[in-house]
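Position one of the first sequence corresponds to residue 8 (the numbering used here), numbered consecutively onward.
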Amino acid sequence: MKTEVSLHWFRKDLRFDDNPSLNSLSKIKKPVILLYIYDDSNVHRDLGSAAKIWLGKALEYLNSKCENKLILQTGNPISIFFKLIENFNIKTISWNRCYDPWSISRDKLLKESLKDKNIKILSHNGSLLWEPWKILKNDGTPYKVFTPFYKRGCLESSPPRPPRTEKIDLFYHNFKSPSLEQIGLKNKSKWANKIIKNWQVGESYAQEVALNFLEKNTIKGYAEKRNFPYLKKTSRLSPYIHWGQISPNFLWYKAIESSNGENSRDVATFQSELGWREFSYYLLYHFPTIHEKNFQQKFDRINWKNINNNYESWKHGKTGFPIIDAGMRELWETGYMHNRVRMIVGSFLTKNLFHYWKFGEEWFWDCLFDADTANNSAGWQWVAGTGADAAPYFRIFNPISQGQKFDPEGKYIKKFVPELKNIPLKFVNNPWECPEEILIQSGVVLGKDYPMPIVDLKESRELALTEFKRLKN
DNA sequence: TGAAATGTTGGGGCG
DNA sequence: ACGCCCCAACATTTC
């Protein structure tokens, strides 16, 4: 008779600490097998290039932390589970929930297919502070505005589950897994090596980053300084949170513990950023087309410009607007972009280049380590003005003044757009206005070393306003 | 989690 | 001393 075992299916919870599914299996007291499925048949689209790199590293780390007993599979979960059930005497299958529509239907289908197998199936909340279906307005409908969602909905409902870690016993097996190379999760390209260089991917590093931020009071000044990209005062936790290498519950309670007289506003701001993440997941759960369609349908009538060369210039940081180009190059070179700059480049693509937000969302999806369906779509719809509680359509960022305001010394720009490093501060954001003589001294030939601006800011802004205004009539 | 256009105020120069 | 203009600084409105 084969040993009775439990199975934990890792999805967006690539951690051992504060993992509700693992905790529940610890109570059952049967040895546990750990599974990850690189599922390309049930998702709505393939992972982005950066995400695959991160995932590969994360799985490597996870495997090393469980004595290389992680079962790695690729393909359709239903057939994989059937195969595993033949090989092991599985009594319980457990996972932490995902909240995107295709995962929900996949899990539902799986539960049904396993119905008569005499296996207990458990699902848990491992990635949200509040379950989306528990936060509703008095009339029973979901919130559509962040502030009441967060303040009345979340903060006034029961507090999030405190973090907890139980030890599990591994089941030792010889089940064979394909290698990361074989399933396409090992990218050895120059680009891959470059963008991952400054990141350490495992759970312990996630905790290190979090504790440095929260316990060592790096968070002090966060409320103000998080807007200045060169200061690097954001938490930079987003990739870890996305992959579940650290739980929001851990961060929530660590944040509260770290709050003192000096930083309470900073801590509250950080908590509300976690709140924005909750809001994005909440929206995707209640409005499951938010990743592909305008949340506000009236914006379907906008005549966006057809995709053209400007999109390529934007993607590769060659728009001629230094703060935009710095941001897009940070993305391409590091798999990350500072939040303030995400807003600026998003506004530029949707309002000045007048491209549909989905094109921006797609490029971010491909390049960001933290590429996340809920956050990415909600963010792009926010900036485009088409979303729930979005920025009003007329809130158009001016890349020159945003650069001057949030990169006042030009340090961020000069880091990622080094061809401008000798340009005097006065012209860092508007090199095309720099006198020829100074350009020569700075070693820059516009149109050759650095592009001329690809659009007229004033003109394109007016055009966007006119087109958006048209919808009101 | 804007920015530009427009309006208001007040101080200084100057006839 | 006074009115007038200019303009910076700030406030309000508008998109």
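Where a beta carbon is used, it is the ideal one built from N, C-alpha and C, also for glycine.
| Item | Value |
| --- | --- |
| Those runs of the beta strand (DSSP E) which lie wholly inside the segment 87-161 and span at least 3 residues | 96-103 and 127-131 |
| Distance between beta carbons of Ala395 and Leu290, contact taken as under 8 Å | 6 Å |
| Contact the segment 155-167 vs the segment 281-288: 3+ CB pairs below 8 Å | yes |
| Phe17 (DSSP reduced to helix, strand or coil) | strand |
| 8 Å Cβ cutoff met for Ile78 and Leu41 | yes |
| Beta-carbon proximity of Ala391 to Ile297, cut-off 8 Å | no |
| Beta-carbon spacing of Leu117, Ile85 below 8 Å | yes |
| Per-residue DSSP class, three states only, for Tyr3 | Any answer about residue 3 is impossible in this case: the structure gives the chain only from 8 up to 480. |
| Alpha helix (DSSP H) runs contained entirely in the segment 380-464, provided each spans 4 or more residues | 380-391, 406-413, 418-423 and 443-449 |
| Complete runs of the alpha helix (DSSP H) confined to the segment 205-239 [at least 4 residues] | 210-221 and 229-232 |
| Straight-line Cα distance separating Lys193 from Val152 | 41 Å |
| Close Cβ partners of Lys34 (< 6 Å) along its chain, the five nearest in sequence each way excluded | none |
| Segment contact, 8 Å Cβ cut-off, at least three pairs: the segment 318-332 with the segment 271-280 | no |
| Local conformation of Tyr68 per DSSP, three classes | helix |
| C-alpha gap between Glu280 and Lys64, whole angstroms | 26 Å |
| Contacts around Asp176, its chain only, beta-carbon distance under 6 Å, and the 5 residues preceding and following it disregarded | Pro38 |
| Ile263 in three-state terms, based on DSSP | helix |
| Contact belief for Trp439 with Pro460 at Cβ below 8 Å, rounded distance in angstroms | 6 Å |
| Of the listed residues Asp123, Asn30, Asp377 and Val435, nearest to Glu173 (C-alpha basis) | Asn30 |
| Identity of the residues DSSP links to Ile78 by a beta bridge | Leu42 |
| For Pro236 and Phe413, believed in contact at Cβ under 8 Å, the rounded distance | 7 Å |
| Start-to-end residues for the alpha helix (DSSP H) that takes in Pro27 | Pro27 to Ile35 |
| Where the alpha helix (DSSP H) containing Pro246 begins and where it ends | Ser245 to His249 |
| Endpoints, the alpha helix (DSSP H) within which Ile202 is located | Lys197 to Ile203 |
| Integer Cβ distance of Asn383 from Phe371, believed to fall under 8 Å | 6 Å |
| Distance between beta carbons of Pro399 and Pro108, contact taken as under 8 Å | That belief does not hold up - the Cβ atoms of Pro108 and Pro399 are roughly 28 Å apart, past 8 Å. |
| Exposure of Trp137, with buried meaning 16 or more beta-carbon neighbours within 10 Å | buried |
| Asn103 burial status per 10 Å Cβ neighbour count (16 or more: buried) | buried |
| Beta-carbon proximity list for Ile403, same chain, < 7 Å, skipping 5 on both sides | Ser354, Lys358, Arg468 and Ala471 |
| Range covered by the alpha helix (DSSP H) that runs through Glu368 | Trp364 to Cys374 |
| Residues that Val352 bridges to, as DSSP identifies them | Paired residues: none, contrary to the question. |
| Endpoints, the alpha helix (DSSP H) within which Gly334 is located | Pro329 to Thr341 |
| DSSP state of Leu258 mapped onto helix, strand, coil | helix |
| For Asn316, the first and last residue of its enclosing alpha helix (DSSP H) | Asn316 to Lys322 |
| Whether Ser28 touches Leu129 by CB criterion (8 Å) | yes |
| Residues near Asn70 by beta carbon distance below 7 Å, same chain, minus five either side | Leu77 |
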